[in-house]
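See structure below.
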Amino acid sequence: MNRHLPLKTIAWGIALTLVALPIIGVLNGWFASQRWPIRKLELRAEYAHVSAEQIRAAVSNHLGKGFFALELVDVQDAVAKLPWVERVEARKHWPDTLSLTVYERRPFARWGAKRLISSNGVIFSVPGSEDMQGLPQLSGPDERLAEVISFHAQCLREFSGSGLSVRAIELSARGSWRLTLASGALIEIGRVDALARLHRFLDVWPQLAASGNGPPVYVDLRYENGFALRWALPESPSPTPPPGPEPAGQV
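For the sequence shown, my numbering puts the final residue at 309, and the numbers step up evenly by one.
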């Protein structure tokens, strides 16, 4: 009896394999790949920059595949290639439905000339980004992106209540900071003690603003114990034209 026990075990193993293999094959799309095809697509998205038509076009090649043959990773990758898409969640619902939730990138600022920064601090490119308005302009080496974003947040706090508004922040390759105000004025901060020098200027700005000269056109904070300002030259009054001949009287 003991000699036949291994043979029975092998036989049971073969039988179980023959039963399980078709099931596994179907579940993995090896067999019957066109059975139970996906016919419905459910979409959840913001549709601020990505349209439903774009999403449908991206997954069109995957619709019609069998329920078990459809690979969700392939669907996610196809939709994620759309320029404004940040993340995709994909699920299948028996018997014939594919459900997608699409999360768009939310632009936080411009980065350089043609790229954008998303709200989670990722640089990305999309067609037509150079035409977008109303975003702060940040620039610098890509590897120092986090530092520029942090400095921008600090500048917003420093300038709060000053009456001045920061439009652009630039970090040069050598590590020198420059701000551009909404008025177009430039503020050169330099590489050393950037926040301390900016704070020193803003401390006395209320007294300077009281002079009635308006915002300066240029501020240089690259001095150890002070700063330099340049104001716009006052416009010269237009000369009064000489009086013309008086109109002739009626006779």
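We put the beta carbon where it would ideally sit given N, CA and C, even for glycine.
Bear in mind the structure is a predicted one, so any value in this text is a computation, not a measurement.
Cβ shell of residue i (< 6 Å), same chain only, five flanking positions each side left out
i: glycine 284; result: none
i: alanine 211; result: none
i: arginine 102; result: Thr159
i: arginine 114; result: none
Alpha carbon of residue i to alpha carbon of residue j, nearest angstrom
i: leucine 287; j: proline 185; result: 40 Å
i: alanine 204; j: glycine 122; result: 44 Å
i: arginine 225; j: leucine 193; result: 8 Å
i: phenylalanine 182; j: arginine 173; result: 6 Å
i: alanine 127; j: proline 141; result: 27 Å
i: leucine 256; j: glutamate 282; result: 12 Å
i: glutamine 112; j: lysine 139; result: 11 Å
i: tryptophan 169; j: glutamine 191; result: 13 Å
i: phenylalanine 259; j: leucine 266; result: 10 Å
i: isoleucine 96; j: valine 206; result: 47 Å
i: asparagine 86; j: valine 131; result: Caution applies to asparagine 86, whose pLDDT of 48 falls short of 50 and renders its modelled position unreliable; the model cannot decide the point.
i: asparagine 119; j: serine 176; result: 29 Å
i: glycine 233; j: arginine 164; result: 28 Å
i: valine 250; j: alanine 231; result: 14 Å
i: leucine 291; j: phenylalanine 217; result: 25 Å
i: valine 262; j: valine 146; result: 50 Å
i: glycine 221; j: glutamate 104; result: 35 Å
i: valine 180; j: tryptophan 152; result: 36 Å
i: glutamate 129; j: alanine 148; result: 10 Å
Local conformation of residue i per DSSP, three classes
i: glutamate 162; result: strand
i: methionine 203; result: The residue asked about is misnamed: residue 203 is leucine in this sequence, not methionine. Three-state result, leucine 203: helix.
i: glutamine 112; result: helix
i: leucine 121; result: coil
i: leucine 128; result: coil
i: serine 157; result: strand
i: arginine 168; result: strand
i: alanine 78; result: Confidence is the limiting factor: at alanine 78 the pLDDT is only 41, short of 50, which leaves the residue's position unreliable and the question unanswerable from this model.
i: serine 187; result: helix
i: leucine 101; result: strand
i: valine 180; result: coil
i: leucine 140; result: coil
i: histidine 107; result: coil
i: arginine 215; result: helix
Cβ separation of residue i and residue j, assumed to be a contact under 8 Å, to the nearest whole Å
i: glycine 219; j: tryptophan 235; result: Going by Cβ atoms, the distance from glycine 219 to tryptophan 235 rounds to 21 Å, so no, they are not a contact pair.
i: proline 273; j: leucine 239; result: 6 Å
i: alanine 106; j: glutamate 162; result: 6 Å
i: glutamate 246; j: leucine 196; result: Incorrect: roughly 17 Å between the Cβ atoms, too far for contact.
i: lysine 150; j: phenylalanine 125; result: 6 Å
i: valine 277; j: alanine 243; result: 7 Å
Same chain only: Cβ atoms within 8 Å of residue i, ignoring 5 sequence neighbours per side
i: valine 117; result: Leu99, Val133, Ala136, Val137, Leu156 and Leu158
i: leucine 214; result: Val224
i: aspartate 154; result: Trp94, Pro95, Ile96, Arg97, Lys98 and Phe125
i: arginine 202; result: Leu229
Residue i at chain C interface by Cβ criterion, 9 Å
i: valine 133; result: No chain C is present in this structure, which holds just one protein chain.
Cβ shell of residue i (< 7 Å), same chain only, five flanking positions each side left out
i: tryptophan 289; result: Asn271, Pro274 and Val275
i: glutamate 144; result: Tyr161, Glu162, Arg163 and Ser176
| message | Going residue by residue through the region 238–304, where are the continuous alpha helix (DSSP H) segments of at least 4 residues, counting only ones entirely within it? | response | 252–267
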